[in-house]
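Under UniProt numbering, the first residue of the sequence shown is numbered 1, with each subsequent residue one higher. No residue lacks a Cβ here, since even glycine has one placed at the ideal position from N, Cα and C. Keep in mind it's a predicted model, so treat the numbers as computed, not measured. To start, the structure itself, in structure tokens.
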Amino acid sequence: MSINENVQLVQQKMQQASEKSFQKKQVQLIGVTKSVSSQVASELLEAGITALGENRPEGLSEKQAALGREACEWHFIGTLQSRKVRQIIDQIDVLHSLDRLHLAEEINKRAKRPVDCFVQVNVSGEASKQGISADDIHSFLHEIGQYPQVRVIGLMTMAPLTENQEEVRSVFRALRVLRDEVAARNLSYAPCTELSMGMSSDYEIAIEEGATHVRIGTVLVQS
Ligand SMILES: *Cc1c(COP(=O)(O)O)cnc(C)c1O
Numbered sequence: 001m002s003i004n005e006n007v008q009l010v011q012q013k014m015q016q017a018s019e020k021s022f023q024k025k026q027v028q029l030i031g032v033t034k035s036v037s038s039q040v041a042s043e044l045l046e047a048g049i050t051a052l053g054e055n056r057p058e059g060l061s062e063k064q065a066a067l068g069r070e071a072c073e074w075h076f077i078g079t080l081q082s083r084k085v086r087q088i089i090d091q092i093d094v095l096h097s098l099d100r101l102h103l104a105e106e107i108n109k110r111a112k113r114p115v116d117c118f119v120q121v122n123v124s125g126e127a128s129k130q131g132i133s134a135d136d137i138h139s140f141l142h143e144i145g146q147y148p149q150v151r152v153i154g155l156m157t158m159a160p161l162t163e164n165q166e167e168v169r170s171v172f173r174a175l176r177v178l179r180d181e182v183a184a185r186n187l188s189y190a191p192c193t194e195l196s197m198g199m200s201s202d203y204e205i206a207i208e209e210g211a212t213h214v215r216i217g218t219v220l221v222q223s
């Protein structure tokens with residue numbers, strides 16, 4: 001299948017999942033280009049994708065040099081080392097991986113404008129996963145209040161690697177419940193209305209459970 005066909009099929013499945021979801025919000029598709037060339041990234045844009053995701057500063061710079069900063073929205077989805085913040089923070093539109101206070105401090109110091117961030121949550125509690133534990137999220141957000149350049153627009157998670165769809169669903173559902181709890185607190189710096197969850201293998205489940213942003217690579221770029 002061509003990139004065009006991939007994009008159309010994913011958008012179709014997103015639409016169907018969205019109709020099954022209880023909130024029927026528009027879902028943003030982020031094309032993850034971390035494992036493909038700038039050429040493929042450019043084909044994604046031609047096929048109608050409006051946001052690209054990269055997980056390394058080098059990948060981001062390479063794609064932006066080829067396509068242009070204004071070509072689309074740029075989302076940073078990988079673990080961000082504090083010493084790399086300066087290099088990318090004014091080059092991205094959204095950070096999906098705010099996972100520690102020190103990173104927030106660094107963003108606050110370096111960014112020229114408030115940055116839209118998702119706080120990454122380790123819902124499943126797997127030791128191998130990045131993110132704030134669900135138990136710590138409220139105190140973490142309290143601390144974030146001291147960094148005016150950090151704006152928490154939502155929560156992000158990665159589902160556990162398992163074939164068990166119900167387990168995946170319960171993780172997404174738990175993130176939604178947590179998001180609702182945070183949103184209900186009406187923190188000026190953390191509206192927290194958004195949910196970044198769902199990748200190639202589980203985006204339909206994520207949308208059914210209320211995802212507002214899905215991060216999809218493999219099924220968009222495969223031929
Ligand atoms: C690679 C990656 C994705 C996309 O994964 P696919 O399975 O290729 O769709 C999404 N989110 C993050 C954080 C990633 O690193």
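Secondary structure at valine 85, three-state DSSP: helix, strand or coil? On the sequence shown, residue 85 is found 85 positions in, with the first residue counted as 1. In the structure shown, valine 85 adopts helical secondary structure according to DSSP, grouped into three states.
When every heavy atom of ligand 1 is checked, does at least one fall within less than 7 angstroms of the C-beta of valine 119? Translated into positions along the sequence shown, residue 119 becomes position 119. Outside the cutoff, so no.
Between serine 18 and the rest of its own chain, which residues show a CB-CB distance below 7 angstroms, the 5 nearest in sequence each way excluded? For the purposes of this step, residue 18 is taken as the residue at position 18 of the sequence shown. Same-chain partners within the cutoff: Lys24, Val27 and Ile207.
Environment of asparagine 6 [buried if 16+ CB atoms lie within 10 Å]: Within the sequence shown, the letter at position 6 stands for residue 6. Counting the other Cβ atoms within 10 Å of the Cβ of asparagine 6 gives 16 or more, which makes it buried.
Does alanine 190 come out as helix, strand or coil in the three-state DSSP assignment? For the purposes of this step, residue 190 is taken as residue 190 along the sequence shown, with counting starting at 1. If DSSP states are grouped into helix, strand and coil, alanine 190 belongs with the strands.
At which residues does the alpha helix (DSSP H) containing glutamate 166 begin and terminate? Residue mapping note: residue 166 aligns to position 166 of the sequence shown, counting from 1. Following the DSSP letters along the chain, one finds glutamate 166 inside the alpha helix (DSSP H) bounded by residues 165 to 184.
Can you have a look at asparagine 186 and say buried or exposed, based on whether 16 or more other CB atoms are within 10 angstroms of its CB? Here the question's residue 186 lines up with position 186 in the sequence shown. The residue is exposed, with fewer than 16 neighbouring Cβ atoms inside 10 Å.
With a threshold of 7 angstroms (Cβ to nearest heavy atom), would methionine 197 be considered close to ligand 1? The residue labelled residue 197 in the question sits at position 197 within the sequence shown. False, no ligand heavy atom lies under 7 angstroms from that Cβ.
Only counting the same chain, and skipping five residues up and downstream in sequence, which positions put a Cβ closer than 8 angstroms to that of proline 148? For the purposes of this step, residue 148 is taken as the residue at position 148 of the sequence shown. If we look at proline 148 and ignore the five residues flanking it on each side, its Cβ neighbours are Asn108, Pro114 and Tyr189.
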